[in-house]
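Below is one structure, written out as structure tokens; comments come after it.
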Amino acid sequence: MNGFVRLRAGIDLRRIALGAIVAAAVTQAVPADAAGDPVRGANVFKRCSACHSATADTHSVGPSLRTVANRKIASVPGYKFSPALSSLKDSWTPENLDRFLLAPQQYAKGTRMAFTGLKKPEDRADVVAYLQSIQKKGK
Ligand code: HEC
4 MNGFVRLRAG IDLRRIALGA IVAAAVTQAV PADAAGDPVR GANVFKRCSA
54 CHSATADTHS VGPSLRTVAN RKIASVPGYK FSPALSSLKD SWTPENLDRF
104 LLAPQQYAKG TRMAFTGLKK PEDRADVVAY LQSIQKKGK
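The numbering used here numbers the first residue of the sequence shown as 4 and each following residue consecutively.
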């Protein structure tokens, strides 16, 4: 009987520990998504809008970002990307957007995006949340 009680306690402790590990992993995986404010992000996006549209599918200096969230890197039709971006076999997850926007030239050496980066983590999180929100609206 005593052994049974100890066994049950052991399982419960392990379950609690596992839950904590899973919770920690989830919070680390999506820092941009967790903290971002799309309304503030729309304001940050003014620094991108000289080169990007977020509301139309038209490209200008840079490609349209209306459907960029989770899109394959350098895949939107009608825009000619540099080899620096088109050679990357990945998608614009919140984490990748966050890393790219911190320092575009470090993330994709030779990219034609002439932008030094958003140094403040909250600016990056907000603009990523904004890009996700416009895509969810869909058109
Ligand atoms: C001076 C112009 C300019 C500014 C400002 C600029 N970009 Fe860009 N961006 C570009 C160009 C040009 C490309 C294509 C780069 C290439 O092909 O190497 C690009 C590419 C991108 C891509 C990759 C798109 C895809 O479909 O793979 C993302 C994401 C992006 N920009 C986000 C932003 C965000 C967010 C901002 C503002 C914080 C911003 N850019 C500011 C010119 C700019």
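Quick reminder that beta carbons are idealized off the backbone N, C-alpha and C, glycines included.
Remember, predicted model here, so these are calculated numbers, not experimental data.
Counting other Cβ atoms within 10 Å of its Cβ, Ala132 reaches 16 or more and is therefore classed as buried. By the Cβ criterion, the segment 105-122 is in contact with the segment 81-97, since at least three pairs of Cβ atoms, one from each stretch, lie closer than 8 Å. When distances are taken from the beta-carbon of Ala117 to the heavy atoms of ligand 1, the shortest one is below 7 Å.
Between Asn73 and Ser94, the C-beta gap is smaller than 8 Å, which places the two residues in contact. Here the alpha carbons of Gln109 and Ala57 stand approximately 24 Å from one another.
Per DSSP, reduced to three states, the secondary structure at Lys139 is helical. Per DSSP, reduced to three states, the secondary structure at Ser85 is coil, with no helix or strand assignment. Going by C-alpha positions, Ile137 is about 12 Å away from Phe48. As computed with DSSP, Ser94 is found in a beta bridge with Lys75. Assigned with DSSP and collapsed to three states, Gly44 falls in helix.
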